[in-house]
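Following: one structure in structure tokens, then a few remarks.
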Amino acid sequence: MNKILYRCVKKISIPVFLVFSFVNVSIAQIGSETVFGFLNVTESARTAALGGNHVSLDEGGVSLFTTNPAYLNKSTHKQFSVSYLNHLSDIYLGIAAFSYDMNGIGTFATGIRFVNYGEFTRLNSDGNEQGSFSAYDFSWGTAISRPLLNGLQAGIGTQIIISRYDTYRSSAAAIFGGFYYSFNNDFTRAGASFRNLGIQLTKFDESSEAVPFNITVGITHQLQHLPLRFNLAMHSLNRWEIPVFDDEEAPGFTKNFFRHLRLGGEILLSENVTLRLGYDRLMNEELKTDRRIDFSGISFGIGFVIREIRIDFSRTSYSETGGLMQLNMSTYF
Numbered sequence: 028m029n030k031i032l033y034r035c036v037k038k039i040s041i042p043v044f045l046v047f048s049f050v051n052v053s054i055a056q057i058g059s060e061t062v063f064g065f066l067n068v069t070e071s072a073r074t075a076a077l078g079g080n081h082v083s084l085d086e087g088g089v090s091l092f093t094t095n096p097a098y099l100n101k102s103t104h105k106q107f108s109v110s111y112l113n114h115l116s117d118i119y120l121g122i123a124a125f126s127y128d129m130n131g132i133g134t135f136a137t138g139i140r141f142v143n144y145g146e147f148t149r150l151n152s153d154g155n156e157q158g159s160f161s162a163y164d165f166s167w168g169t170a171i172s173r174p175l176l177n178g179l180q181a182g183i184g185t186q187i188i189i190s191r192y193d194t195y196r197s198s199a200a201a202i203f204g205g206f207y208y209s210f211n212n213d214f215t216r217a218g219a220s221f222r223n224l225g226i227q228l229t230k231f232d233e234s235s236e237a238v239p240f241n242i243t244v245g246i247t248h249q250l251q252h253l254p255l256r257f258n259l260a261m262h263s264l265n266r267w268e269i270p271v272f273d274d275e276e277a278p279g280f281t282k283n284f285f286r287h288l289r290l291g292g293e294i295l296l297s298e299n300v301t302l303r304l305g306y307d308r309l310m311n312e313e314l315k316t317d318r319r320i321d322f323s324g325i326s327f328g329i330g331f332v333i334r335e336i337r338i339d340f341s342r343t344s345y346s347e348t349g350g351l352m353q354l355n356m357s358t359y360f
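Position in the sequence shown (from 1) plus 27 gives the number in this note's numbering.
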């Protein structure tokens with residue numbers, strides 16, 4: 028990579044890291060995930076409030092179709108969802124998705140996500156300013172889902188991914204898929220998905236970089252006599268060992284286990300109002316400070332329904348960096 032590209036990427040990498048803690052550009056962290064990290068951002072405020080992407084939620088909806096396309100079913104017919112994430116340094120992310128059920132064929136969905144990193148100063152190899160440039164990431168996905176057996180739904184989809192930083196561009200193609208099972212009592216649901224299984228089509232320079240492949244499994248259980256619902260997910264199962272930057276030695280079984288873990292809880296105040304709380308252990312370990320009590324990786328939010336409009340809001344703590352807030356709205360046409 029030449030000096031100009033290095034300086035550009037260096038200036039971009041700081042705000043990008045703040046938004047996408049799982050990108051982990053440093054080799055000492057998660058590893059080879061150096062491009063397209065925006066694909067790991069939660070698609071909706073609901074999952075953000077529950078600690079991150081979950082694959083077994085009750086009524087996941089079209090907003091999560093790239094997290095698990097098996098969420099799509101007849102109940103999501105003509106459902107439309109938009110999500111907005113505002114962050115530091117004029118960075119913002121927008122997501123939009125729409126689904127349509129074709130009787131006897133399956134439920135289809137399509138959607139886009141777009142990240143704008145704002146304007147940056149262009150530097151030459153000597154460090155002299157030469158105007159400015161913009162940077163963005165974009166993806167477009169489509170998917171189909173259909174029932175296989177009683178209670179079991181399966182889905183598959185594909186994505187086109189594009190990143191552009193000034194004159195440097197990279198693109199990729201990937202597939203994603205998943206399963207979703209609702210038990211007979213309807214109080215327990217399980218899910219599994221794989222995401223971003225693909226290849227880089229064009230490169231920033233001569234080096235190929237990995238698309239951030241991820242396998243996730245999860246389970247959701249609602250208490251029968253209390254208005255509480257618990258969500259658990261194990262992410263990044265395609266690689267067991269997950270080091271972070273301040274590890275002094277290779278993490279053992281216990282550390283790795285909890286770094287794969289996401290926990291979320293929902294309090295069902297009524298049919299139209301839900302409170303949420305979540306925790307992501309890996310985010311906590313990557314962003315925590317030296318304070319004894321650190322709230323990094325903890326998230327909370329609220330969801331409510333007004334007529335046919337569902338509105339979700341979340342806030343995720345990034346420790347001393349601040350909080351990441353996300354707003355999601357969905358409705359039917």
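Backbone N, C-alpha and C fix where the C-beta goes; we use that ideal spot for every residue, glycine too.
Check, Outcome
"Coil, strand or helix - Ser102 by DSSP", "helix"
"Contacting residues, own chain, Cβ-Cβ under 7 Å from Ser209 (five flanking each side not counted)", "Gly178, Arg216"
"CB contact flag (Val109, Ile122, <8 Å)", "yes"
"Limits of the unbroken alpha helix (DSSP H) element including Arg342", "Taken as a continuous stretch (DSSP letters only), Arg342 belongs to no alpha helix (DSSP H), being part of the beta strand (DSSP E) at 336-344."
"Rounded straight-line distance, which links the Cα of Asn241 to that of Arg196", "23 Å"
"Rounded separation between Phe135 and Tyr127 - CA only", "5 Å"
"Sequence-distant residues of its chain with Cβ nearer than 8 Å to Glu146 (five each side left out)", "Asp117, Ser159, Phe160, Ser161"
"Distance CB(Ile27)-CB(Ser166) smaller than 8 Å", "This structure cannot speak to residue 27, because the chain is shown only from 28 to 360."
"Residues near Phe331 by beta carbon distance below 7 Å, same chain, minus five either side", "Asn299, Val300, Ile338"
"Whole-angstrom C-beta distance between Ser326 and Ala75, which should lie under 8 Å", "6 Å"
"Simplified DSSP state of Met74, which is helix, strand or coil", "The sequence shown places Thr at residue 74, not Met. In the structure shown, Thr74 sits in a helix (DSSP, three-state: H, G or I)."
"Same chain only: Cβ atoms within 6 Å of Gly292, ignoring 5 sequence neighbours per side", "Phe257, Leu304"
"Helix, strand or coil at Glu156 according to DSSP, with G and I counted as helix", "strand"
"From Val271, Asp193, Ser341, residue whose alpha carbon lies closest to that of Phe285", "Val271"
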